[in-house]
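Using my numbering, the first residue of the sequence shown is number 11, and each one after it goes up by one.
So the structure is just underneath, and the comments pick up after that.
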Amino acid sequence: MKERGITDGLTMNQLAERNAEHVATIAALVAENAGLKYQEPTLTAMMACLEEFYADEDVPERAMMAAYNILRKSISTPATDAFLAEVRASELDSLAGVAETMLIKFSNQQCSSDMHEVVGWKMVLQQAANRAAQLRKGAAL
């Protein structure tokens with residue numbers, strides 16, 4: 011039996027479009043990564059760090075961590091966030107596929123739809139599909 015490849019059913023133009031999308035995604039990630047190396051915090055973020063530091067200067071380690079967290083959260087990485095959301099959503103799609111396969115197996119065995127395993131796999135399918143859709147819309151898990 012012939013193994014199916016990822017190009018089955020796609021024309022050269024479609025493959026070129028897919029490649030261009032991947033190249034654009036990688037370029038955006040590279041640009042963000044380069045920007046992270048030389049990130050300059052905003053004045054607002056720096057002032058918030060100073061306020062946080064002086065509010066907790068009795069414990070310098072805790073004050074430094076609080077300031078660090080403020081700086082870290084002030085950095086925007088939309089391309090990276092979108093890329094990671096798609097990776098996570100793809101894994102949830104895979105989980106939904108496993109659940110769907112299990113439900114088909116139960117159906118082929120003519121199992122009752124009230125059976126605990128069937129109900130459980132239905133919930134897995136629904137939750138995985140819903141969370142994947144939420145991730146793709148930009149919602150955090």
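All C-beta atoms, glycine included, are put in the ideal place defined by N, C-alpha and C.
Original post:
Does the count of Cβ pairs from the segment 26-44 and the segment 89-96 closer than 8 angstroms reach three?
Top reply: yes
**OP:** Let me know if residue 26 comes out buried or exposed under the rule of 16 or more other beta-carbons within 10 Å of its beta-carbon.
**Re:** exposed
Subject >> Distance CB(residue 138)-CB(residue 81) smaller than 8 angstroms >> reply: no
Subject >> Beta-carbon contacts of residue 142 that lie in its chain and below 6 angstroms, excluding the five residues immediately before and after >> reply: 99, 102, 103
Subject >> Backbone secondary structure at residue 24 - three-state DSSP >> reply: helix
Subject >> Residue range of the alpha helix (DSSP H) that includes residue 96 >> reply: 88-118
Original post:
Buried or exposed: where does residue 121 fall if 16 or more other Cβ atoms within 10 Å of its Cβ makes it buried?
Top reply: exposed
**OP:** Would you mind sorting residue 60 into buried or exposed? The rule is 16 or more other CB atoms within 10 Å of its CB.
**Re:** exposed
Original post:
Which stretch, first to last residue, makes up the alpha helix (DSSP H) that contains residue 49?
Top reply: Element bounds for residue 49: n/a, residue is neither H nor E.
Original post:
In whole angstroms, what separates the C-alpha of residue 49 from that of residue 74?
Top reply: 18 angstroms
Subject >> As assigned by DSSP and simplified to three states, the class of residue 59 >> reply: helix
Original post:
Does any heavy atom of the ligand NAP sit closer than 7 angstroms to the C-beta of residue 42?
Top reply: As presented, the structure is devoid of all ligands, the ligand NAP included, so that no description of it is given.
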